[in-house]
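Everything below concerns the one structure shown next.
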Amino acid sequence: MNRYVATLTLLSAALVMGSASASSGNRVGDFSLIDQKGYFHQLSYYNDQKAVALLVQGNGSKATAKSLPGFKQASEKYAGKIRFFMLNPLGTQTRASVQQELDKAGLDIPVLMDDAQLVAEGLGVKKMGEVLLVRPGTSEILYRGPAGKHFEAAIDAVLADQPVKKAKAWARGEAVKYPARVAQEKKGVSYSKEIAPILAENCARCHREGGIAPFAMNSHLMVKGFAPMIREVVLTKRMPPGQIDPVIGHFKETYTLTSEEQQKLIHWIEAGAEKDGDVDPLTQLKWPATKWAYGEPDLVIKVPPQDIPATGVLDYIRVAVPIEGMDRDRYVKASQYIAGDRTVLHHTLNSLLPPGAKQEGGFLGGGDPNAARITAYIPGAQPQHEPANTGGLLKKGSTLALQLHYTTNGKATTDASEIGLWFYDENEVPAERMSNQCACIFTRGWTPIPPYAADHEMQQTITIKKDAHIYSMLPHMHFRGKRMRFYADYPNGTSEELLNIAHYNYNWQLDYELTEPKFVPAGTKIRAVGAFDNSKQNKANPDPSREVPWGQQSWDEMFFGSVTYKYVDQGGAKVAKTN
């Protein structure tokens, strides 16, 4: 047996073991959910606690109402000793309605919204109002039963590192039903008709030969071999990457799976990840022969190669690249940055300098609202395509001023990046503009992040001076970045949440583009609210004991929220930074 087949065999064995564990409800894997206020929680994050308590909650449930006083009493008695949550497993109730129930009861306990019902299934939840005590390091269920004396006795035992004498106690409550699982168990889940299309649409564009992901989803065999990992990353929301809160806003790409897609995928994996049909759809996928998103570019800007050492800390590199190969001025329709070595190139910033202009000191800035936008590079970068009938002018003889940020990876390498440009036809002049103007990157009023602070919040605002349409929003923080939320505070005193990046990931700083441009009236303030996690529980944290200043290197921090918008009257498009 070769190593490749042996690996898949071992993974398949792990799949069977994991599926049995999940269906029994005695032990469950790690999971992540968003609560009724839009905040992200991952079970394993709380492994510094001896236990996590969960009350199965539902609006209108008599069993929930009966359990609340005992659960509230325990949450107050054991505050700071174990972590308390509620779990809404119904998938039919809104966050606002859940919050109203909490307000009526005078409670401020996060309710984890299990809209896909997969966490409740894995925990073996059968009744409303029951309480579970879970050990987050192992996901072992230590107690299942009603709130009250047995529950508190279980907590006392766990805190004393003693066995729980009564790990199960009978609880009365309305039955929790799982219609998706029942339906899918009855008719099965088809790999060829249901699972392969989900993977092709959401995963295979990165998980393919030559893609940015570590393995290719190019066959059923590969998917089945990695099925346990797929289950884990879906339940913890690590994949798809760069996930945002799907309840807030409408975006061209949310990088999330719907509840129905999650159910089908997880149920199929737990049933054995079997194949049906004579043809494997994943083997039939075809990808463009070119690395460029829109076909071969009209012009390619070659960034001067940068030799990156194996180790060490590198200062930001600034280079000015003359744009050659143009015999006339052209309007830019789209651009794409392809990193020569994405393992070391973290991000770039740029500005377009017209013929004869010189780069000024400090941050690279632009000035002409009619100038072309040329995309920068960020982790998880996507090509930049202008809206219809929109573009900026690239003048013959211009220079692209670049700021390059590299991180060493233990192996010396050379990064030779390229930037592809696509132009409007020679006689086509787009009527509207989106400029590449940037505000200064130095954050106003930076407050150092205290040592061990788990939720250090900051916010900044910019004011949109004239009627405008918002097109996209983008966050930037470093390793301690925890979340970032964008709000529109309107002149009439109302507010609207535009985007909730509930679990910020330094590796995926994506530009979230709205499905339709969002109109905002003159005087609207765009407010970015972010938080940093400088605690030991943040596994990416370089040093939780350190007071963290603003700084360009990744072990320092930044708070940088970008909003791309365009004035309705075209009096000057801007890319504004809430920094």
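Residue numbers -22 to -1, 1 to 557, in mature numbering (1 follows the signal peptide of the UniProt record, and there is no 0), belong to the letters of the sequence shown in order.
C-beta: ideal position from N, C-alpha, C; glycine also.
Query                                                                                                                                                                                         : Result
If you draw a straight line from the C-alpha of K269 to the C-alpha of A312, how long is it?                                                                                                  : 15 Å
Run the CB neighbour count on A288, radius 10 Å, all protein chains shown included, and call it buried at 16 or more, exposed below.                                                          : exposed
Does the structure place the stretch 425 to 432 close enough to the stretch 520 to 538 that three or more beta carbon pairs sit under 8 Å?                                                    : yes
What residue range does the alpha helix (DSSP H) around S45 cover?                                                                                                                            : K40 to K55
To the nearest angstrom, how far is the alpha carbon of T42 from that of Q51?                                                                                                                 : 14 Å
G459: buried (16+ other C-beta within 10 angstroms of its C-beta) or exposed?                                                                                                                 : buried
Measuring CB atoms only, is the stretch 201 to 218 touching the stretch 173 to 187, in the sense that at least three cross pairs come out at less than 8 Å?                                   : yes
Would you give the residue range spanned by the beta strand (DSSP E) that G358 belongs to?                                                                                                    : Neither: G358 is in no beta strand (DSSP E) and is coded neither H nor E.
Which residue marks the beginning of the alpha helix (DSSP H) containing F204, and which one marks its end?                                                                                   : Run containing F204: none; DSSP gives neither H nor E here.
Starting from S532, follow the beta strand (DSSP E) in both directions and report where the run begins and ends.                                                                              : Counting along the chain, S532 falls outside any beta strand (DSSP E), and DSSP gives it neither H nor E.
Under the DSSP definition of a beta bridge, which residues are partnered with L277?                                                                                                           : L399
Do you know whose CA, among V225, A298 and L292, lies nearest H324's CA?                                                                                                                      : L292
Return helix, strand or coil for M200, following the three-state DSSP convention.                                                                                                             : helix
For the stretch 496 to 516 against the stretch 465 to 483, do three or more pairs of beta-carbon atoms, one drawn from each stretch, fall closer than 8 Å, so that the two count as touching? : yes
Using the C-alpha atoms, what's the distance from G539 back to S329?                                                                                                                          : 18 Å
Tell me whether N478 sits in a helix, a strand or coil according to DSSP, three-state version.                                                                                                : strand
Hey, is the stretch 363 to 378 in contact with the stretch 297 to 308, meaning 3+ C-beta pairs nearer than 8 Å?                                                                               : yes
By DSSP, does G539 sit in helix, in strand, or in coil?                                                                                                                                       : strand
Here's the rule I'm using: 16 or more other beta-carbon atoms within 10 Å means buried, otherwise exposed. How should residue 577 be labelled?                                                : Since the first and last residues shown for the chain are -22 and 557, residue 577 lies out of range.
May I have the straight-line CA-CA distance separating T321 from K242, to the nearest angstrom?                                                                                               : 34 Å
Decide if L331 is buried, meaning its Cβ has at least 16 other Cβ atoms within 10 Å, or exposed.                                                                                              : buried
Identify whether H325 lies in helix, strand or coil by the three-state DSSP scheme.                                                                                                           : strand
Within its chain, find whatever has a CB closer than 6 Å to the CB of N25; leave out the 5 residues flanking it on each side and keep chain order.                                            : P114 and G115
Please determine, among M412, S473, V526 and A394, the residue with the shortest C-alpha to C-alpha distance to M455.                                                                         : V526
Whole angstroms are fine: how far does the CA of H228 sit from the CA of K127?                                                                                                                : 46 Å
Using alpha carbons as the reference points, say which of S168, V167 and R296 lies closest to L380.                                                                                           : R296
For P206, is the classification buried or exposed, using 16 other Cβ atoms within 10 angstroms of its Cβ as the cut-off for buried?                                                           : buried
How would you write the range of the alpha helix (DSSP H) that R113 sits in, first residue to last?                                                                                           : Careful: R113 lies outside any alpha helix (DSSP H), inside the beta strand (DSSP E) at V109 to R113.
Applying the criterion that 16 or more other CB atoms from any shown protein chain within 10 Å of the CB defines a buried residue, is W265 buried or exposed?                                 : exposed
Are there three or more Cβ pairs, one per stretch, closer than 8 Å when the stretch 78 to 93 is compared with the stretch 10 to 25?                                                           : yes
I need the DSSP call for Q415, collapsed to helix, strand or coil.                                                                                                                            : At Q415 the pLDDT is 34, less than 50, meaning the model places this residue with poor confidence; the figure from the coordinates comes in the next sentence. Coil, per DSSP.
Pairs of beta-carbons, one from the stretch 140 to 148 and one from the stretch 98 to 106, closer than 8 Å: are there three or more?                                                          : no
What residues in its chain sit with their C-beta under 8 Å from that of L(-13), if we drop five residues either side in the sequence?                                                         : With a pLDDT of only 39 at L(-13), under the threshold of 50, the placement of this residue in the model should not be trusted; the figure read from the coordinates follows. Cβ neighbours of L(-13) beyond the five flanking positions: none.
I'd like to check one pair, L110 with L32: are the Cβ atoms closer than 8 Å?                                                                                                                  : yes
Based on the DSSP output, what are the partners of D285 in its beta bridges?                                                                                                                  : T392
Quick one: residues in its chain with C-beta nearer than 6 Å to the C-beta of Y121, no 5 flanking neighbours on either side, listed in chain order?                                           : L111, A132, V142 and A145
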